[in-house]
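S.K.: Here it is, the structure, as structure tokens.
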Amino acid sequence: MTSDFYCDEVLNGRTSVDVVAETEDILAYHHTRPFWPVHIVVIPKSHVPSLTDLGDADDGLLHRLLAVVRQVAAGVEREHGAARVLTNLGRYQDSKHLHFHVNSGEPLR
Ligand SMILES: [Zn+2]
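Next comes the structure, spelled out in structure tokens:
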């Protein structure tokens with residue numbers, strides 16, 4: 041496994057994904073190996089290390105990212121009646137590229 045699945049696999053097209061929403065600088069897609077029955081990942085298309093380390097990103101990008109997170113989460117909440125939104129930090133963060141998980145249902149594993 042790479043430490044940045046998003047830059048190394050998704051954003052360069054090596055791994056194809058099922059897109060849920062996309063803007064000029066944000067991508068939301070169904071997780072390729074879901075942990076929950078509904079599992080969507082929302083990422084910036086440019087490299088941003090984490091929520092607590094925005095790197096070169098500005099607040100505008102974070103705002104646009106959260107706008108997509110809200111839109112995707114609202115859709116999941118509407119369709120399934122409940123949703124979780126989470127992002128991991130430090131050693132909990134497997135891929136060192138800021139990503140929000142939007143999920144619903146009981147864990148698959
Ligand atoms: Zn990256």
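In this note's numbering, the protein residues as written are 41 to 149. All C-beta atoms in this analysis are idealised placements derived from N, C-alpha and C, irrespective of residue type, glycine included.
1. What is the DSSP secondary structure of residue 122, reduced to helix, strand or coil?
2. In whole angstroms, what is the alpha-carbon distance linking residue 93 and residue 47?
3. Can you tell which of 123, 111 and 117 has its C-alpha closest to the C-alpha of residue 66?
4. Buried or exposed: where does residue 105 fall if 16 or more other Cβ atoms within 10 Å of its Cβ makes it buried?
5. Residue 84 lies in the beta strand (DSSP E); which residues open and close that run?
6. Closer than 7 angstroms: is that where the CB of residue 87 sits relative to any heavy atom of ligand 2?
7. Closest to residue 115 by C-alpha separation, out of 87, 131, 50 and 79, would be which residue?
8. Residue 82 to residue 68, Cα distance in whole Å?
9. Can you tell me whether residue 45 is buried or exposed, with buried defined as 16 or more other CB within 10 angstroms of its CB?
10. Taking 7 angstroms as the cut-off, does the CB of residue 44 come closer than this to any heavy atom belonging to ligand 1?
M.R.: Well, looking at it:
1. By one-based count along the sequence shown, residue 122 stands at place 82. Note: residue 122 maps to coil in three-state DSSP.
2. Against the sequence shown, residue 93 aligns to sequence position 53. Against the sequence shown, residue 47 aligns to sequence position 7. Going from the Cα of residue 93 to the Cα of residue 47 covers about 16 angstroms.
3. For the purposes of this step, residue 66 is taken as the residue at position 26 of the sequence shown. Comparing Cα-Cα distances from residue 66 to each of 123, 111 and 117, the minimum goes to 111.
4. Here residue 105 is taken as the residue at index 65 of the sequence shown, counted from 1. Per the 10 Å Cβ criterion, buried.
5. Start at 1 with the first residue of the sequence shown, and residue 84 comes out as number 44. Where residue 84 is concerned, the enclosing beta strand (DSSP E) stretches over 78 to 84.
6. Ligands displayed in this structure: ligand 1; ligand 2 is not among them.
7. Start at 1 with the first residue of the sequence shown, and residue 115 comes out as number 75. Of the listed residues, the one whose Cα sits closest to residue 115 is 79.
8. By one-based count along the sequence shown, residue 82 stands at place 42. By one-based count along the sequence shown, residue 68 stands at place 28. Going by the C-alpha atoms only, they are around 4 angstroms apart.
9. Here residue 45 refers to the residue found at position 5 of the sequence shown. Answer is buried; the Cβ neighbour count reaches 16.
10. In the sequence shown, the residue the question calls residue 44 occupies position 4. Yes; taking the cut-off as 7 angstroms, the Cβ of residue 44 has a heavy atom of ligand 1 nearer than that.
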